[in-house]
Each structure stands twice: as C-alpha cells, then as structure tokens.
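J.: Each residue of the sequence shown is one higher than the one before, starting from 314 at the first, in my numbering.
Got a structure for you, questions after.
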Amino acid sequence: MTLKFATSILTPSYTRRPDFKSHESSDKLFAFACSFCQRPVTVEYASLINRGLASEHDLGETFAADAKSFYGMSVVGKSPDGGWPSMTTVECSNCKTMFLLYAGVNEVANSVYFVTMQGITELTEDRAS
Ligand SMILES: [Zn+2]
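Set out below in structure tokens:
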C-alpha cells in the first residue's frame, strides 16, 4: 500500500504570513477543518518545530521525496518562507482521513521560531499498487 496525494486544502505561498511565533503566539495548536467530515484536525506547532529535519526520515525517503516534488520544494530544500521544511502526517480523529502537513520553520532569533503552514493535502491509499 502506498499513499497518494489527493485534494490540497492549502498550497505553498511565498507571501503567507507566519501562523505561529513562538515568543508571542498563545495558541499552541494549528487547526484546520477536515475536508471530509469538517471536524477540526489539530497539530502542535511545537511538534512541527521539533520534527524539522527528522521529518523526512519519519515519512520514509520515497514518500518524502514525492512530497517534496508535489509541493515544488526547491532543490536546496527551503520552504517558500525561507525556512526549513517540516512535514508530518496527521489523522482526523473522527473519520480517519489522513493528511500530509507541510510547514516552513524559521529560527528568526536564538530559540525564537516562526512557523508558516505551507501545505495541507489529503492522502488516500493507492490500492492498485
Ligand atoms: Zn474527518
């Protein structure tokens, strides 16, 4: 079973403002509506910051490479906001739909992080393969 990229709720942008600033944002969770059941799906910004470069390993090299080309990530591996890309998968707790999240993480000062959400994509199982 492999995962296929389905509908994107959010696509990368060079002009998007950070969703999270670690020194001033009080909301520690990023939330979006599940594209299937509309329930909120949440992920902690801290987990996106902490995953950082490990995310490619966690996703598996092949899937991470597919995700990079799907999002048009630059060869040098920077996200459009200039940060490093952090990717993770999250499941809707209600309907079990899987999503791939892609965020740009910028360390703007020592231990001060800006997180800009750059991609949310519904994943489906490719049963043909
Ligand atoms: Zn759902």
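Note that beta-carbon positions come from the ideal geometry of N, C-alpha and C, so glycine has one too.
(1) Can you tell me which of the three DSSP states residue 345 falls into?
(2) Please name the residue, chosen from 369, 358, 434 and 351, that lies closest to residue 338 on a Cα-to-Cα basis.
(3) Suppose contacts are defined by Cβ-Cβ distances below 8 Å. Is residue 408 in contact with residue 349 by that definition?
(4) Could you tell me the boundaries of the beta strand (DSSP E) in which residue 315 lies?
(5) Can you grab the Cα-Cα spacing for the pair residue 397 / residue 438, in whole Å?
(6) Going by the beta-carbon positions, is the gap between residue 401 and residue 352 smaller than 8 Å?
(7) Let me confirm a value: residue 432 is counted as buried when at least 16 other C-beta atoms fall within 10 Å, else exposed. Which label applies?
T.: Considering the structure as presented:
(1) For the purposes of this step, residue 345 is taken as the residue at position 32 of the sequence shown. In the structure shown, residue 345 sits in a strand (DSSP, three-state: E or B).
(2) For the purposes of this step, residue 338 is identified with residue 25 of the sequence shown, where counting begins at 1. Answer by Cα proximity: 358.
(3) Taking the sequence shown and counting its residues from 1, one reaches residue 408 at position 95. Taking the sequence shown and counting its residues from 1, one reaches residue 349 at position 36. Going by C-beta atoms, residue 408 is nearer than 8 Å to residue 349.
(4) One-based indexing of the sequence shown puts residue 315 at position 2. Start and end: 315–323.
(5) Counting from 1 along the sequence shown, the entry for residue 397 is found at position 84. Counting from 1 along the sequence shown, the entry for residue 438 is found at position 125. C-alpha separation (whole angstroms): 28 Å.
(6) The residue given as residue 401 occupies position 88 in the sequence shown. The residue given as residue 352 occupies position 39 in the sequence shown. No, the Cβ-Cβ distance between residue 401 and residue 352 is not below 8 Å.
(7) Counted from its first residue, the sequence shown places residue 432 at position 119. Under this definition residue 432 is a buried residue.
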